[in-house]
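Chemist:
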Amino acid sequence: MVTVFCDYKDKVDFNTEKANKVSLAETAHSRTTLWCLLPGQHIHPHVHAGDHIWVVLEGGGNFLSDDAPEAIGPGKVLVVPAGKSHGVENTGKQGLIFISVSAG
Numbered sequence: 001m002v003t004v005f006c007d008y009k010d011k012v013d014f015n016t017e018k019a020n021k022v023s024l025a026e027t028a029h030s031r032t033t034l035w036c037l038l039p040g041q042h043i044h045p046h047v048h049a050g051d052h053i054w055v056v057l058e059g060g061g062n063f064l065s066d067d068a069p070e071a072i073g074p075g076k077v078l079v080v081p082a083g084k085s086h087g088v089e090n091t092g093k094q095g096l097i098f099i100s101v102s103a104g
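Note that UniProt numbering numbers the sequence shown so that position 43 is 43, with each residue one more than the last.
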């Protein structure tokens with residue numbers, strides 16, 4: 001197995017059309033992705049078979065689930081169990097950047 005080291009700031013890549021995901025690493029049991037959302041962009045709530053962990057690095061917005069939206073910002077860690085709805089919207093004035101680690 002290869003260990004991947006990177007500086008996320010070198011990988012930031014916004015797309016004016018939609019939320020953009022940048023693959024950072026993939027192993028037999030997980031995927032690590034950098035998500036980059038401009039103001040107003042979102043990821044609709046959805047479910048996966050595996051667990052998800054999101055770590056917000058920059059910007060702000062709302063975490064979307066079956067419950068009321070919850071404000072998120074830098075330093076917030078979100079753990080979403082398999083089968084639970086999760087999404088996000090950038091309600092801020094700057095880019096929202098977070099790491100997503102997907103198990104499964």
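From the three backbone atoms N, C-alpha and C, an ideal C-beta is built for every residue, glycine too.
Given Lys93, which residues of its chain have a CB within under 8 Å of its CB, disregarding the five upstream and five downstream residues?
Modeler: Within the same chain, Lys93 has close Cβ partners Pro39.
Chemist: Under the DSSP definition of a beta bridge, which residues are partnered with residue 142?
Modeler: The shown model of the chain, from 1 to 104, leaves out residue 142, and the question about it has no answer.
Chemist: From the DSSP output, in three-state form, read off Cys9 for me.
Modeler: Cys is not the amino acid found at residue 9; the sequence shown has Lys there. The answer is helix: DSSP assigns Lys9 an H, G or I state.
Chemist: Whole angstroms are fine: how far does the CA of Thr91 sit from the CA of Val4?
Modeler: If you take the alpha carbons of Val4 and Thr91, they lie about 32 Å apart.
Chemist: Let's test the definition: count the other Cβ atoms within 10 Å of the Cβ of Cys6 and tell me whether it reaches 16, buried, or not, exposed.
Modeler: So Cys6 counts as exposed.
Chemist: Using the three-state DSSP reduction, which class does Pro74 fall into: helix, strand or coil?
Modeler: In this structure, Pro74 counts as coil in the three-state DSSP scheme.
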